[in-house]
Structures are given as C-alpha cells and as structure tokens.
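The next block holds one structure in the form of structure tokens; read it before the comments.
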Amino acid sequence: MSRRRKIYEGKAKVLFEGPEPGTLVQYFKDDATAFNNKKHGVITGKGVLNNRISEYLMMRLAEVGIPTHFVRRLNMREQLIKELEIIPIEVVIRNIAAGSFTKRFGMAEGTALPRSIVEYYYKNDELEDPMVSEEHVTAFGWATPQELDDILSLSLRVNDFLTGLFLGVGVRLIDFKIEFGRLYQDDQVRVVLADEISPDSCRLWDLKTNDKLDKDRFRRDLGGVAEAYQEIARRLGILLDTGPTDPKGSTTLQ
Ligand code: UDP
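Numbering of the sequence shown is given in our numbering, commencing with residue 2 and proceeding in unit increments.
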C-alpha cells in the first residue's frame, strides 16, 4: 500500500487522500468479514476482482443516468472516487428471500417476493447495524425527507437496471446493499451512489443451477469463493479467458 494519508480503514477497503481536492482513492483489500465482524478471512485476489466488478457496474449505472462517486480505476486495487459526505444508512433491496430476511419472516430461501422490498439499516458497528424505518432516518436527521425520496428512487432504478444486466449473463440478483453520500459541487448538494457494488455486497445465483456466486460462499464455508467472484467477472466480460495455452489453466485480468 502507498504512503498517502489514510482517511479511513474499513473491513474490505481503505480510503486514502486523493491527488486533488474533492477526490479520494479507494483501495480494495482481500480481507473478508461476516456476521458483524465475528468471522474473518482472506480471499486471495478478491480485492482485485471487486475493484474491476465495481468499476464495471458503476460505469454501466452512470451510463443510464445514475450519479455515482466513481471517477476512474487507477490500478489493480485502487480507484479514484469523488469525496462525499456519507449518509449513515445501508439500503438493502431484495427481490428473492435470502439471508437474514428468511430468518425474520420464516420464509424458505429462494422464495420470490411479491415485489422488490427496500429496507434501511443504520450504519453503526457497536449497535450491529439495526434495521430502521424512514421515520428514524428523518427524525434523527440522517437524511432529509427529500434525500430519502432520492435514495429510494435511485435504489429502485439501480435494482431494475442491475437485475436486467445480470439476467443477461445468466445470473439472478437476489438482493444487494448500497450506500449513498452527499456531493457538494458548485453551491449545490446532491445524493450520489457511493461505496462499491460487488459479490461482497450482492447475492448472485446462477440462473440455471442456483449456485451461489457471492459472499455467501465465505459466510457458509462453501469453498470456491475466489472462483465464484471470478465467474461473475468472467460473465460480465471483465476477465479474458487465456485459453488452453495457459499452463495453470487459469484466467488473467485484462
Ligand atoms: N449486506 C452487505 N453488508 C452488510 C449487510 C448486508 O453488503 O453489512 C448485503 C448482503 O451481501 C446481501 C444483502 O445485503 O446481499 C442483504 O443481507 P442480509 O440482510 O440478508 O444480511 P446477511 O444475511 O448478509 O447477514
């Protein structure tokens, strides 16, 4: 890692001061955590894959008019992003019942939901990210009602777009988590998509086999974690098959 000033270190990423004011560098680590930090691990190559996958998805989303913090990828593990004021809310969008939702409602994993369901969680490690309602978000001033409107409509657009994008490569988008921040620019403030979108933050199942191609492989000790992330990258066209001449038979990054 570089000698730039570290702004923040999270579980899977580090933020450094950027090359110019209003920018940051987002560094993707191989570390993985689950169950509110109770489970730790290292998935070799994960950071490199997530950097590429998140770059790809943020760029596709920007093309359809979703404002994001992403500027450009700098190298294998780093991307340049716009500095935002993070809104301390995790937005989870669910299409199919899985994870904590199945426990909460006693539902079988894989049950299609009657419509996409949006949930909010307050980002606070000590409190283990409690689920909150829109009332909590606005009453505690985490976001204004107008910002929450923007967050909801952007989240549903992201869900519609990503559902179609993944369907096109034979993957079902079960659920995912996104975060937003405030971008202060030219005396204006607007809500912008932040953080990352990757198999760390999405549940992605193979359309035909229902194989899990996401962090649930780590959470549940299913093995083949890096291979699953690689498969997502490959399907999105980010990985190049090196073909039979590669002695290890592996794939390399473009
Ligand atoms: N998620 C995340 N970070 C979190 C909690 C959830 O990225 O701190 C993602 C998770 O990968 C899944 C979705 O949000 O795609 C819904 O997760 P859930 O609430 O079911 O929690 P989990 O079962 O992962 O604890």
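Backbone N, C-alpha and C fix where the C-beta goes; we use that ideal spot for every residue, glycine too.
These numbers come from a predicted model, not from an experiment.
Just to confirm my understanding: we take THR103, look at its own chain, exclude 5 residues before and 5 after, and list those with CB closer than 6 Å. What are they? Reading the sequence shown from its first residue, position 102 is the one you call residue 103. GLU110, listed in sequence order.
My understanding is that ARG204 touches ALA35, with C-beta atoms under 8 Å, so please give their C-beta distance in whole angstroms. The sequence position of residue 204 within the sequence shown is 203, counting from 1. The sequence position of residue 35 within the sequence shown is 34, counting from 1. With a Cβ gap of about 13 Å, ARG204 and ALA35 do not count as contacting.
Taking the alpha carbon of GLY46 as the reference point, which residue from LEU237, GLN231, GLY238, PRO115 has its own alpha carbon closest? On the sequence shown, residue 46 is found 45 positions in, with the first residue counted as 1. Out of LEU237, GLN231, GLY238, PRO115, GLN231 has the C-alpha closest to the C-alpha of GLY46.
Per-residue DSSP class, three states only, for THR24: For the purposes of this step, residue 24 is taken as residue 23 along the sequence shown, with counting starting at 1. Correct three-state label for THR24: strand.
For VAL193, the three-state DSSP class (helix, strand or coil): Locating residue 193 in the sequence shown gives position 192, counting from the first residue. Here VAL193 sits in strand by DSSP.
Alpha carbon to alpha carbon, how far is VAL15 from PHE71? As a first step, residue 15 is located in the sequence shown; it is residue number 14 there, counting from the start. As a first step, residue 71 is located in the sequence shown; it is residue number 70 there, counting from the start. C-alpha separation (whole angstroms): 15 Å.
Express the C-alpha separation of ASP150 and ALA195 in angstroms, rounding to a whole number. Looking up residue 195 in the sequence shown gives position 194. Looking up residue 150 in the sequence shown gives position 149. Rounded to whole angstroms, ALA195 to ASP150 spans 17 Å at the Cα level.
Since ASP130 and TYR121 should fall inside the 8 Å C-beta cutoff, what is the C-beta to C-beta distance between them, to a whole number of angstroms? Indexing the sequence shown from 1 puts residue 130 at position 129. Indexing the sequence shown from 1 puts residue 121 at position 120. Not a contact, Cβ separation roughly 10 Å.
Return yes when at least one heavy atom of ligand 1 lies under 7 Å from the C-beta of SER117, else no. In the sequence shown, the residue the question calls residue 117 occupies position 116. SER117: no, Cβ never under 7 Å from ligand 1.
When you compare only the Cα positions, how much space is there between GLY171 and MET59? In the sequence shown, residue 171 corresponds to position 170, counting from 1. In the sequence shown, residue 59 corresponds to position 58, counting from 1. One C-alpha to the other measures close to 20 Å.
Rounded to the nearest angstrom, what separates ALA99 and ARG236 at their Cα positions? Locating residue 99 in the sequence shown gives position 98, counting from the first residue. Locating residue 236 in the sequence shown gives position 235, counting from the first residue. Looking at the two C-alpha atoms, the distance is approximately 23 Å.
How is the alpha helix (DSSP H) around PHE219 delimited, first residue to last? As a first step, residue 219 is located in the sequence shown; it is residue number 218 there, counting from the start. Per DSSP, PHE219 belongs to the alpha helix (DSSP H) from 217-220.
Do the CB positions of ASN256 and LEU153 come within less than 8 Å of each other? Residue numbering for the chain in the displayed model covers 2 to 255; residue 256 lies beyond these limits and cannot be assessed.
With 16 other Cβ atoms within 10 Å as the buried cut-off, status of GLU148: Along the sequence shown, one-based indexing puts residue 148 at 147. Classification for GLU148: buried.
Counting only the same chain and skipping the five closest in sequence on each side, list residues whose C-beta sits under 8 Å from that of THR139. Walking along the sequence shown from the start, residue 139 turns up at place 138. Once the five neighbours on either side are set aside, the close Cβ partners of THR139 are THR145, PRO146, LEU149.
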